[in-house]
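Residue numbers (the working numbering), protein chains in the order written: chain C, 559 to 894; chain Z, 396 to 645; chain U, -13 to 379. In what follows, a single structure is set out as structure tokens and then discussed.
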Amino acid sequence: MKSKIIFGSLIIALAVLFLTGLALGSVSIPLPSVVDYIFGNEIAHSHYAILNQIRLPRNLTAILSGAGLSLSGLLLQTLFRNPLAGPSVLGISSGSSLGVAVVLLAGGSMTGIAGTGSVVFGAIIGALIVVLLISAISLKFEDVTLVLIAGMMLGFLSSALVSILAFFSNSEQLKPFVHWGFGSFARLNEYQIPTLFFILVIAVIVTLFLYKPLNAFLPGEQFAGSVGINVQKSRIIIILLTGLLTGIITAFVGPVGFIGLAVPQVVKMVFKTNHHRVTIPGSLLFGAFIALACDIISRIPGQDYSLPLNAVTALFGAPVVLFVLFKSRFVKKVLS
Amino acid sequence: MTALLNIQDLAIGYNKNDLKHALTKGFTTSVFPGERIAIMGLNGCGKSTLLRSITGILPLLNGSIQINDKEIGQLTRRERAQIMATVFTSYNDPGQLTVNEMVTFGRYPYTNRFNKLSERDLLLIENTLEVAKIGHLRNRIVGELSDGERQKVMMAVAIAQDTPLLILDEPASHLDIRNKALMMNLIKNLGEEQQKTILFSTHDVGLTLKIASRVWLFHNKRINDYKIDEFKQGEHWKLMLEGLDADVVF
Amino acid sequence: MGLLPNNSIIKLKKAGIFRPFLYTVFIIVMSSCALETEQKEMRYDYFRGKSSVKYATGFKVAYYPSYKVVEVFDNTDTTKPAQTYLLVEHGTRIPEHSPKDILVRIPLVSVSCLSTTHVPYLKSLEQVEKISGIGNPELVLDTMLLKQIKKGWTMSITTSGQVDLEKILESNTSVLMAYPFDKSALESLSGFDIPVVYVGEYLENSVLARAEWIKFFALFFNKEKMANQLFEDIEHRYLIAKSKLDSVSVSKAPTVFFGSYYQDVWFAPGGQSLISGLINDAGASYLFRDDNSTKNLTLDSEVIIDEVPEIDFWGQVITTHEIATKTDFMAADQRFLKLAKKSNTQFFFANSKQSDYFGQANLEPDILLKDLGNIFYPGLFANHHFVYFQPLN
């Protein structure tokens, strides 16, 4: 029942955070205006445009992306039975970056105005290629840790290719790519958000179908096989699902690190369980919360400065991972 | 009485295409309900391979294994999990899961997508906790248990699976004398009172003599099949000590 | 009613024809009036002042009675415009156009400038008060604009140097003047009905072409007459200064190197770049005048070591507050410092923190030329004091 209380508080906190996200930004909009906006009353035209077309989509994007990335992280940590597994670890984010780099840096003048559409396309293709390679490797190798290492290597390879492309580009091509690389929840328009929502919903549904295999994987794949789980099939589905989910989110908002890695850790620590009936909704909810919180923090520093999103997520994520690792039995055993 | 398992002309090994280097060939036998078969042999001779072949993890090099007249390879994973339960020694810390939650996983082959447990399921789980004598541990975290307690939990999962066939890989290794005794009693109980068929691999001759009803002994790339009395009197375990001068005392 | 005899009128009235007849006449007259207005509108030329482009390659304009078609070109393609703008006079009909063309109502009531280099152009056209938003306000040097910023009349539209959509919306601007570099940040503006005009004055490779962009800005405010006059003066002054430099007879023109050091690499403008043209017009010979590119060249340190002792003049643009010393020039690299001590090279520089080298200088190419002239041929322009370029003591 304690978890019910925690869930309840999380939902309330998320709602409060959402309101904060509407009220804060680089232009100061008085609180009464924000309240008026929520209740559908008339407010200044420019303020309405800001709230409705900038802050509202931004908040929604943060929530959807945070939930999606955390879910990916949870799935990967279960599959690889390793607390260090995250969407960026498998090289999926790097694959997306490579796809975007090809579009923006090698694509030349064909891009630029073609803008966001081709960038999204490139990022998804990049993620898919990595995902397919990882799936193929997974079919070949019994030991799941080998797959993890292969993923990391693919990530390094992609990053190296991106460096090469960047080295040979001029500053005009480089700037939009670097800009994308900073990651931001402020990029989606009102047509893209429903797409993101739809994808997240599908991802959650597929995850629910994976409910038993996920739990059964916790004591090991041999154990899972023994209680009747189709291990190979489940592995592939998990990899494909996380790949596509991460790829699409990265395509839209750029590479955002640490949320997929840190949030599932915190959830397991707070709820004191690994069981997926708790960790799945917990990761979704808490991921949404953290992503929105990081976004708001990045807006806060005064009116004329803002922090890059990835810096804030790292400031949150890295200490969390360290803390969890120190507390975990895994490390205690190793150190003893 | 009809056989539970029918093994015909079995050849096993790690490389499916390499019949020449099979660990054993031409093994034919039947297993009947209630039998407790100890699989013995020196390290690397093929005990684990045999178990993995029976559980379907490894493909057979030759021959067939039929369970209830169905070819093992033809079963779906769910069907197979309802017929045989396996307990291996390798263990992965599942993190924060309670004993109760773990044992519940034993019902996975029977439940729906979300593991909705029926009255019967719940009853079975209760029973299992009783039989394995871990009722007092039900809310403890699996990772925090001692080796012996954990081994019992793994057995409990297998019992909860309610299968006619149990396959155990070195069930009593790493256990202190007290836990070993408890494990031996449990296995004997499962065989005698619940009529489960148990296949277990072991190095421990004493264990074999105490609880097995039959022995499969790997020797010179063949499997010798003995009834327990035969094994006891013939002292066939000495085959494993071939060429040594040592005088072993039990 | 003196046109018709009284009895006829009475007869018509009695026939009941009068009313429908009156109505018909009324309709015919009104239609022809409307038609005439439309034709008038089409015939009426709203733009008394018109500009033609002489030097600049980055934009073209075509005039129609009530609208202007402005094409903007970028480096990649000189035949097809990168973007077409339709500048339509307020209150007139919008002509047929392709959906890719951007529509702008003129004259502009308010404008936001992403780059402070736009400000001098607007200043000469007396349109500073129309600036409601400015990017990087900390870089603004114009006093009038600074006052406006202080009063809150003009607001910042960037945050941490990046375009800030919220601020742009808050600034209530009708048009954003940006630059064709990293357009991805401006994608979202299309959703807000704020047209974005890509101003590419910095892509021009001759000083006169860059100055001629004053005509581009004028298009948006119907200030062509003023722009034409201003540019004519600029061109005139420049050509006079140039001819004076042409008439200087020297056995060999002084050689000039212009470059800066960044992360282990030396960068120098290409042979077809603006600096190259300016130096050559100033009666000197730019070291890489024979190079064919307009972009920056990257040079190995060895090239520098090889060429420096032979060079007559070496120039750089300093962008920090630091007073330029020889050490700054040589990027504090020991190898170069030794060379500098040995050589007879004279150094000159422009400091963008002390003068508006990146902004106002675009409109004063004659002054740039005279600066260089006095550096290469001291005293040539007797009453001219250094404004942008100056020699290093």
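Beta carbons: idealized from backbone N, C-alpha and C, even for Gly.
Minimum length 3: unbroken beta strand (DSSP E) runs contained in the region 188 to 246 of chain U
241 to 244
Grab me the residues of glutamate 430(Z)'s own chain with a C-beta within less than 7 Å of its C-beta, minus the 5 sequence neighbours each way, in chain order.
Thr592, Ser608 and Arg609
Reducing DSSP to helix, strand and coil, say where cysteine 99(U) ends up.
strand
What are the boundary residues of the beta strand (DSSP E) that includes tyrosine 621(Z)?
617 to 622
Please name the residue in Ala406(Z), His598(Z) and Gln546(Z) whose C-alpha comes closest to that of lysine 528(Z).
Gln546(Z)
Top-ranked residue by Cα proximity to leucine 418(Z), from Met396(Z), Pro428(Z), Arg447(Z) and Ser425(Z):
Arg447(Z)
Run down chain U in chain order and give the residues with a C-beta less than 8 Å from the C-beta of glycine 583(C).
Glu152
Extent of the continuous beta strand (DSSP E) run through valine 182(U)
182 to 184
Could you name the residues that DSSP lists as bridge partners for asparagine 424(Z)?
First, the residue type needs correcting, since residue 424(Z) is threonine and not asparagine in the sequence shown. Paired residues: Ile402(Z).
Taking Cβ-Cβ distances shorter than 7 Å, what residues in chain Z pair up with serine 856(C)?
The contacting residues do not exist; serine 856(C) stays about 32 Å from chain Z at best.
Would you say alanine 433(Z) faces chain C, with C-beta separation under 8 Å as the test?
no
Does threonine 808(C) come out as helix, strand or coil in the three-state DSSP assignment?
helix
Short of 6 Å in beta carbon distance, which residues of its chain neighbour glycine 621(C), apart from the five on each side in sequence? Order them along the chain.
Before going further, note that residue 621(C) is isoleucine rather than glycine in the sequence given. Hits under 6 Å: Ala846 and Leu850.
Counting contacts by CB-CB distance shorter than 8 Å, is glycine 121(U) in contact with chain C?
no
Below-8 Å beta-carbon distance, arginine 472(Z) vs any chain C residue:
yes
I'd like to check one pair, glycine 490(Z) with glycine 538(Z): are the Cβ atoms closer than 8 Å?
yes
Report all residues from its chain with a CB closer than 7 Å to the CB of tyrosine 769(C); omit the five preceding and five following residues, and keep chain order.
His834
Supposed contact pair phenylalanine 829(C) and serine 561(C) - C-beta distance, whole angstroms, cut 8 Å:
5 Å
Pair every Cβ in the region 774 to 785 of chain C with every Cβ in the region 799 to 819 of chain C, then say whether three or more of these pairs are closer than 8 Å.
no
Let me confirm a value: phenylalanine 429(U) is counted as buried when at least 16 other C-beta atoms fall within 10 Å, else exposed. Which label applies?
This structure leaves residue 429(U) out entirely; chain U is present only between -13 and 379.
What distance in whole Å lies between the Cβ atoms of threonine 619(C) and valine 811(C), which are believed to be in contact at a cut-off of 8 Å?
6 Å
What would DSSP say about glutamate 466(Z), mapped onto helix, strand or coil?
strand
Using a beta-carbon distance below 8 Å, is histidine 737(C) in contact with chain U?
yes
Identify whether glutamine 590(Z) lies in helix, strand or coil by the three-state DSSP scheme.
coil
With DSSP as the reference, label tyrosine 107(U) as helix, strand or coil.
helix
Could you name the residues of the region 763 to 784 of chain C whose beta carbon sits closer than 8 Å to any beta carbon of chain Z, in the order they occur along the chain?
Leu766, Phe767, Tyr769, Lys770, Asn773, Ala774, Leu776, Pro777, Gly778, Gln780, Phe781, Gly783 and Ser784
Alpha carbon to alpha carbon, how far is alanine 643(C) from threonine 65(U)? Give it in angstroms, no decimals.
52 Å
Would glycine -12(U) be called buried (16 or more neighbouring beta carbons within 10 Å of its own) or exposed?
Interpretation of glycine -12(U) is limited by its pLDDT of 46, a score under 50 that renders its predicted location unreliable; the figure taken from the coordinates is listed afterwards. Glycine -12(U) should be labelled exposed.
Contact between the region 461 to 476 of chain Z and the region 784 to 794 of chain C is defined here as three or more beta-carbon pairs at a separation below 8 Å; is this criterion met?
yes
Below-8 Å beta-carbon distance, isoleucine 838(C) vs any chain Z residue
no
Does the region 173 to 193 of chain U come within contact of the region 41 to 52 of chain U, defined as at least 3 CB pairs closer than 8 Å?
yes
With C-beta atoms as the reference, is isoleucine 460(Z) less than 8 Å away from isoleucine 452(Z)?
no
Could you confirm whether any beta carbon from chain Z is found closer than 8 Å to the beta carbon of glycine 786(C)?
yes
Contact criterion: CB-CB distance below 8 Å. Does isoleucine 601(C) meet it with respect to chain U?
no
So, helix, strand or coil for methionine 550(Z), using DSSP?
helix
7 Å Cβ cut-off: residues of chain C touching glutamate 496(Z):
His833
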